[in-house]
Every structure is written in C-alpha cells, then in structure tokens.
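Colleague: Sequential numbering of the sequence shown, starting at 23, is according to my numbering. All C-beta atoms, glycine included, are put in the ideal place defined by N, C-alpha and C. Below is a structure I'd like to ask you about.
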Amino acid sequence: MVNRLFCYSLIFLLAARIAVAQGGVSISASTLKAAVNESFYITISASGSEVKEPDLSPWHRLGFKTGAPATQSSTSIQSINGNTTVVQSRSWRYPVAAGSPGTHTLPPLAVTVDGVQQMTRSLTLEISEKVSVSPEGRDGTPAQEVAVDDLVFVRAIADKTTVYQGEPILLRLLIYVLDGRFVSLDTPRQLPLPETEGFFSGPQWQNTYNGEYNSAAYRITEFNQVLFPAMPGDLQIASWTWQGVVRWQEGRFRPQGATRLFSTHPIPVTVLPLPEGAPAGFSGAVGKFRMQAYLSSASVAQGTPVRLTVSITGEGNPQAIGMPLFEKPSWAHVSEPESEVKQTEGSLEVTKNYSYLITPLEAGEHVIPAVSFSYFAPILKNYKTETSQELKLTVSATGETGRIVAVGGSSDTARQKIEINSSGELPLITDSRLTALTVRPPAHILSMPALLSPVISAVMLVSAVLFLLRRKRLATDTRYARRIQARGKCLALLQDAKEKGDKSAGIYQALSAFVADMLHINGSGLTSGEIQHLLQEARLNQESIDMTVRVLRACERAAYGGGKGSEEELTVLMDSALHALDALHAAFLEEGK
C-alpha cells in the first residue's frame with residue numbers, strides 16, 4: 023500500500039513538472055483568417071529564470087513574412103520554503119503576413135527556457151486570395167478594380183550584384199503608391215533600412231517623383247543607399263521589411279484601410295577579392311577617379327606661402343582615398359596636408375581634397391614635382407595610377423635675408439634670429455632723474471597683515487589678469503583652444519561611444535579627432551595610415567604611435583566585419599583606446615607639440 027502511494031505521488035509530481043514546463047510557453051494570434059500579404063499579429067510568451075527569443079526560421083521556410091517584434095519583459099522574485107527564485111517573463115508580438123492563399127499550418131516553435139527547449143503549439147490559418155478594391159479616381163469616378171497589394175508595394179534594386187571588394191553598390195529602395203486622389207500610405211515615423219552586414223554604409227539620399235509600373239501611374243518615393251563591400255565572399259543585402267497602413271476610398275464617403283507587411287526579397291552579392299600586384303601608395307580606393315593638382319598662385323615672394331591642392335574626384339569610398347604620393351621639394355618647407363571630403367548631393371560622386379602649404383625658402387624658377395594617386399578600376403579589372411603635371415612656381419627675392427617665416431612649420435636654416443649685443447659695453451644713462459639719490463623719511467613699522475595686503479592684492483590682480491588673458495586666448499586662438507580641449511573632447515567622445523551600438527566607429531572617431539586637434543588639422547576622412555604618418559612627422563615616441571595605430575586598425579577591422587563584435591572584445595578595445603589616449607597625450611606634452 024505504501025509503495026503504491028509512493029508511485030502515485032511520484033507520477034503526480036512528474037506530471038505537474040511537465041505541465042509547468044509546457045505551461046511556461048504560450049502562443050496566440052490576433053486572427054486565424056487573413057488575405058495574402060494582410061498583416062496580423064502572433065504573440066509568443068515564456069517565463070523562466072532565463073528566456074531566449076524564439077527561432078522563426080520554420081515559418082520563414084513556409085513563405086511567411088515576419089517583421090520586427092514589439093517586446094515586453096518583467097521580472098519577479100519568488101520565495102518558496104526559503105528558496106528564492108528570479109522569474110523572467112518575456113513576450114514577443116510579431117507582425118506576420120502570408121505570401122500565398124490556402125490553409126497553412128504554422129509548425130511549433132522552439133523557445134529555450136532555462137537551457138531547455140520548449141515548444142509552442144501549432145497554428146492553422148486560412149489565407150484567402152488578394153483583396154480587390156475600386157478606389158476613387160481623380161475625377162471622382164470609381165477606377166478599375168485592383169488588388170490592395172497593387173495600391174502600394176515596395177521594391178529593392180541593386181545596380182550590380184557581382185563586385186570587387188570596396189567597389190560601390192547603389193541600393194535603391196522604392197515605395198510605389200497608386201496615383202489616385204484618395205490612395206495613401208501611413209509609414210513608421212522612421213523607416214528601417216535592410217541589414218547590410220559585411221558592408222560599409224556610404225551616403226544616402228531620397229527622391230520623390232511620378233512614374234509608371236505595369237501601365238499604371240504611381241507616386242514613387244526612392245531611398246538611395248551606397249554600400250561598399252568590406253570583404254570578399256558571398257554576402258547578402260537582407261530583406262527590407264516593415265509594416266504600414268494602406269488607405270483608399272471606395273465611393274465618395276467610404277474610406278477604407280488595411281494593414282500590410284511590406285517585404286522585399288534578399289539580394290545576394292558576390293564579392294571578388296582584389297588581385298595581387300598593388301602599386302606603391304595604394305590605400306584601398308576602388309572605383310573610378312580623376313585627379314587634379316593646382317597652385318593658388320603661380321608666382322610668390324620668397325617666404326610667402328602658396329597652397330597646393332590635390333583634388334581626387336570619383337565614385338568610391340572616401341575613407342579609402344589615402345594621401346597621394348608627393349615628393350617634397352628641397353627648396354621649400356611643406357606642411358602636412360589637410361584633407362576635406364565633399365559629397366555631391368544626390369550622387370555617388372565624392373571629392374576628397376588634400377591641401378599643402380608650401381613656403382619657398384629660395385628665390386628663382388622652381389618646379390613642384392608631379393603628384394600620383396593609385397586605385398583599382400573594376401571596369402579595367404586592374405590597378406591604375408593617375409599622375410598630375412609638374413607645376414612651375416616663380417619665387418621673387420624679398421631683399422631681406424634671415425626674416426623668412428615658414429607657415430605650417432619652421433626651417434632650421436631659415437628662421438628669424440634675435441641679435442644679441444656681445445661687445446661687453448654697458449649702456450650710458452643720460453637721464454639725471456635715474457641717477458639722482460632719493461632720500462625718504464624713515465617709515466613706520468607696519469603689521470604683518472598690512473605688509474601682506476598689497477602682496478595678496480597683487481596676486482589676486484595677476485590671477486584675474488591671467489584668467490582673462492587665458493579666456494581671451496581660448497576665444498581667439500583656435501590652435502591653442504583645440505589643444506587645451508583635445509583630451510576632454512576625446513574622453514567625451516569615448517564615453518558617448520560606450521552608449522552607442524557601433525562602439526568601434528566611435529572609438530576611431532574619438533582618437534582621430536584628438537590627433538587632429540593636437541596638430542591643428544582637419545580630421546575628417548583620416549585613415550590609420552595617414553594618422554601614423556602625421557604622428558611620425560610630429561616626432562612622438564614610437565611606442566605611443568604603435569599603440570594608437572593598433573587601436574585604430576582594430577577599429578577598421580571591426581568596421582570591415584560589419585561593426586559586430588562581442589561585448590568582451592569591445593570592452594578590451596575601449597580600454598586599449600583609453601591607454602592609447604594617455605600615452606599619446608603624454609608624448610605630445612613631452613615633445614612640447
């Protein structure tokens with residue numbers, strides 16, 4: 023009898039445990055009947071100490087489309103017989119749409135709860151044919167009957183799907199709205215873009231125009247996104263999926279509406295690696311470019327700076343357009359280049375300018391050597407080097423030797439010197455007022471506070487003057503202000519990067535901005551190679567340079583990988599960036615830069 027009671031108790035406990043496990047996951051649908059592409063909602067809920075998001079791939083394989091879910095979560099603490107348990111409750115509300123009519127059975131989904139896979143129940147749905155409507159035309163009369171899916175639809179088009187690594191791809195995302203007076207579309211406040219893992223994102227722009235599709239007139243909104251594949255191999259531009267409400271009017275007083283889940287097909291992209299044999303100075307630029315070099319003036323006076331501008335224009339990633347090869351002339355001082363990126367509005371074309379300040383130290387007829395820039399041309403399937411013409415510069419003598427000032431730096435052989443009187447003679451004092459002996463009556467002995475009062479006042483006055491002078495210098499001397507504020511600005515950018523999704527890009531921006539502020543240059547579009555070159559020209563210690571470049575290149579590798587990385591890797595990268603900032607700041611102070 024006791025054994026039988028024990029068996030019954032054991033069976034009861036096991037059944038209760040199974041019931042609790044199955045009861046921890048639930049699924050519900052807002053409706054079990056819908057039309058093709060009509061949006062409805064499916065909610066999945068689960069509870070446990072650790073709950074993971076369900077895997078929807080079994081539904082996708084059946085042709086069902088799902089959008090980004092609305093999520094809810096809550097946490098409760100339960101204490102039973104002295105045992106405390108933290109229970110997490112999570113729910114996901116997915117917009118869902120079917121792509122074909124008929125009776126469909128959605129298979130159970132697996133939800134991992136406390137390390138154990140639990141299954142939802144299956145759902146049977148009745149999907150009807152596309153709904154046809156007769157929206158009112160421009161003249162107020164019913165137009166030809168059309169399907170709701172033809173009132174508004176979306177497309178995604180890539181201008182090419184086989185490219186070389188770094189070659190620009192133009193992705194066009196189009197929304198077609200039937201050009202009837204009362205057909206409209208309610209979209210999310212901010213339309214999501216498709217996921218593009220493995221690509222660099224370039225410029226974006228938007229156009230709105232009227233056009234035709236399948237002999238019907240539409241109002242078309244076009245979103246353009248430039249993408250640069252970061253690695254060779256098979257990549258994919260994910261489906262563009264979002265939910266909107268289509269509205270139309272049947273008759274004069276019958277407004278109608280339907281919620282739709284819009285989705286495009288994924289776009290596969292084959293990325294070819296760049297061939298071997300890259301020329302010297304190749305920095306990764308891929309596309310088609312043209313280069314122009316010109317001087318701000320063809321003739322200057324000795325010691326007067328002239329600006330050399332090298333302009334590289336074309337279709338490609340501006341971040342990959344590195345400094346051109348330029349042999350600095352021996353007869354002049356040449357500053358480090360400043361770079362500037364100008365994106366042509368509504369186009370793939372971009373211009374990157376490198377400008378050098380050249381201060382001639384010798385008079386005469388001089389030649390500025392040719393400048394060269396190398397890139398990979400996909401249309402030629404080979405590397406190409408653009409070379410400018412040599413530029414002639416006439417330098418006239420100033421007539422004053424020893425007073426040449428090199429802008430952007432100084433020359434050891436041509437700097438202004440102060441002449442010191444070393445003859446040993448003393449100046450003669452002719453003013454009798456300075457040699458007259460002044461006799462004053464003896465002063466009374468003052469107390470210590472009275473003696474210190476003028477000193478304290480003088481110190482306070484000097485401090486106030488120094489404070490006002492420093493404040494005025496910060497307001498008027500841009501170079502000084504950038505150097506003083508560089509470290510604080512960099513720390514603020516690093517702190518901001520911690521709170522953003524793309525931490526590697528934020529770290530790269532912070533360090534490059536610090537270098538630009540300390541050297542008083544334009545920091546936009548600097549590559550890690552350019553920053554390394556600038557730091558070496560500044561003669562900082564090699565250890566701080568190597569540490570900084572390692573962090574920058576780690577950020578570039580993370581960006582080439584789509585900006586993804588584990589939380590631990592990003593934490594290590596952030597710590598390395600802080601150490602690099604400290605070392606670089608100390609190196610600048612040590613060199614007095």
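Using DSSP's beta-bridge definition, name the partner residues of Arg282.
Modeller: In DSSP, Arg282 forms a bridge with Glu60 and Gly266.
Colleague: Thinking C-alpha only, which one of Lys350, Glu167 and Gln365 is nearest Glu358?
Modeller: Here the closest residue by C-alpha is Lys350.
Colleague: Going by CA-CA distance only, name the one from Ala92, Ser50, Gln258 and Met540 that's closest to Glu219.
Modeller: Considering only alpha carbons, the answer is Gln258.
Colleague: Considering just the uninterrupted stretch of the beta strand (DSSP E) at Trp227, what are its terminal residues?
Modeller: Trp227 -> beta strand (DSSP E) spans Phe221 to Tyr235.
Colleague: Could you check what DSSP says for Gln324 in three-state terms: helix, strand or coil?
Modeller: Coil.
Colleague: Considering only their Cβ atoms, is the gap separating Pro301 from Ser396 smaller than 9 angstroms?
Modeller: Result yes, Cβ atoms of Ser396 and Pro301 sit closer than 9 angstroms.
Colleague: Alpha carbon to alpha carbon, what distance is there between Ser69 and Gln271?
Modeller: Cα-Cα distance, rounded: 44 angstroms.
Colleague: Classify His542 as helix, strand or coil using the three-state DSSP reduction.
Modeller: Coil at His542, not helix or strand.
Colleague: Based on Cα-Cα distance, which residue from Met345, Trp264 and Phe250 lies nearest to Pro117?
Modeller: Looking at the Cα atoms, Trp264 is the closest of the given residues.
Colleague: Using DSSP with H/G/I as helix, E/B as strand and the rest coil, what is Asp136?
Modeller: Residue state, collapsed to three classes: coil.
Colleague: Within 10 angstroms of its Cβ, does Ser432 collect 16 or more other Cβ (buried), or is it exposed?
Modeller: With a pLDDT of 40 at Ser432, under the threshold of 50, the modelled position of that residue is not reliable, and no figure is offered here.
Colleague: What does the Cβ neighbour count give for Met482, buried or exposed, with the cut at 16 atoms within 10 Å?
Modeller: That one is exposed.
Colleague: Where does Thr420 fall in DSSP's three states?
Modeller: Here Thr420 sits in coil by DSSP.
Colleague: Using the beta-carbon count (16 or more within 10 Å), is Tyr231 buried or exposed?
Modeller: Exposed.
Colleague: Where DSSP assigns a beta bridge to Glu387, which residues make up the other side?
Modeller: Glu387 pairs with Thr416.
Colleague: Once the 5 residues before and after Gln44 are set aside, which same chain residues still bring their CB inside 6 angstroms of it?
Modeller: Note that Gln44 has pLDDT 40, beneath the 50 cutoff, so the model's placement of it is unreliable and the number below is only indicative. Once the five neighbours on either side are set aside, Gln44 has no close Cβ partner at all.
Colleague: Would you mind stating whether Leu595 and Ala576 have Cβ atoms separated by less than 9 angstroms?
Modeller: Going by C-beta atoms, Leu595 is nearer than 9 angstroms to Ala576.
Colleague: Could you tell me whether any non-hydrogen atom of the ligand ADP is closer than 8 angstroms to the CB of Gly137?
Modeller: The ligand ADP is absent from the structure shown, which contains no ligands of any kind.
Colleague: For Gly202 and Ser50, what's the separation of their Cα atoms in angstroms?
Modeller: Whole-angstrom Cα-Cα distance: 37 angstroms.
Colleague: Helix, strand or coil: how does DSSP classify Thr65 here?
Modeller: In this structure, Thr65 counts as strand in the three-state DSSP scheme.
Colleague: Indicate whether Gly344 and Phe311 have their beta-carbon atoms separated by less than 9 angstroms.
Modeller: No, the pair does not count as a contact, with Cβ atoms beyond the cut-off.
Colleague: Please confirm whether Val268 and Val170 have their CB atoms less than 9 angstroms apart.
Modeller: It is a contact, given that the beta carbons lie within the stated cut-off.
Colleague: Can the beta-carbon of Thr286 be found less than 9 angstroms from the beta-carbon of Ser333?
Modeller: Cβ atoms of Thr286 and Ser333: not closer than 9 angstroms.
Colleague: Using only CA atoms, which one of Lys364, Trp262, His388 and Asp256 lies nearest to Gln324?
Modeller: Considering only alpha carbons, the answer is His388.
Colleague: Please tell me whether Ala180 and Leu193 are closer than 9 angstroms, where the distance is taken between their beta carbons.
Modeller: Yes.
Colleague: Using 8 angstroms as the cut-off, can you tell me whether the segment 278-285 makes contact with the segment 233-246, which would need three or more C-beta pairs spanning the two stretches below that distance?
Modeller: Short answer: they don't touch.
Colleague: Going along the chain, which residues of its own chain have a beta-carbon closer than 7 angstroms to the beta-carbon of Leu370, five neighbours each way excluded?
Modeller: Cβ within range, chain order: Pro190, Leu192, Val248 and Glu337.
Colleague: Nearest-angstrom Cα distance between Val135 and Ser98?
Modeller: Cα-Cα distance, rounded: 16 angstroms.
Colleague: Thinking just about the alpha-carbon of each residue, which of Leu488, Tyr502 and Gln110 is nearest to the one in Gly46?
Modeller: Among Leu488, Tyr502 and Gln110, the Cα nearest to that of Gly46 belongs to Gln110.
Colleague: Gly551 by DSSP, collapsed to three states: which one?
Modeller: Residue state, collapsed to three classes: helix.
Colleague: Which two residues bound the contiguous beta strand (DSSP E) that contains Lys406?
Modeller: Per DSSP, Lys406 belongs to the beta strand (DSSP E) from Asn404 to Thr409.
Colleague: Within this structure, are the beta carbons of Ile66 and Leu131 separated by less than 9 angstroms?
Modeller: Taking 9 angstroms as the Cβ cut-off, Ile66 and Leu131 qualify as a contacting pair.
Colleague: Under the three-state reduction of DSSP, which class applies to Val205: helix, strand or coil?
Modeller: DSSP places Val205 in coil when its eight states are reduced to three.
Colleague: CB-CB under 7 angstroms to Leu459, same chain, minus the five flanking residues each way: which ones, in chain order?
Modeller: Any reading at Leu459 needs caution, since the residue's pLDDT is 48, under 50, leaving its predicted position unreliable; the model's value is listed next. Same-chain partners within the cutoff: there are none.
Colleague: Should Gly551 and Ala535 be called a contact, given that it needs their Cβ atoms to be closer than 9 angstroms?
Modeller: No, Cβ-Cβ distance for Gly551 and Ala535 is not below 9 angstroms.
Colleague: Would the segment 399-406 and the segment 375-388 be scored as touching if the rule is three or more Cβ pairs under 8 angstroms?
Modeller: Segments in contact, no.
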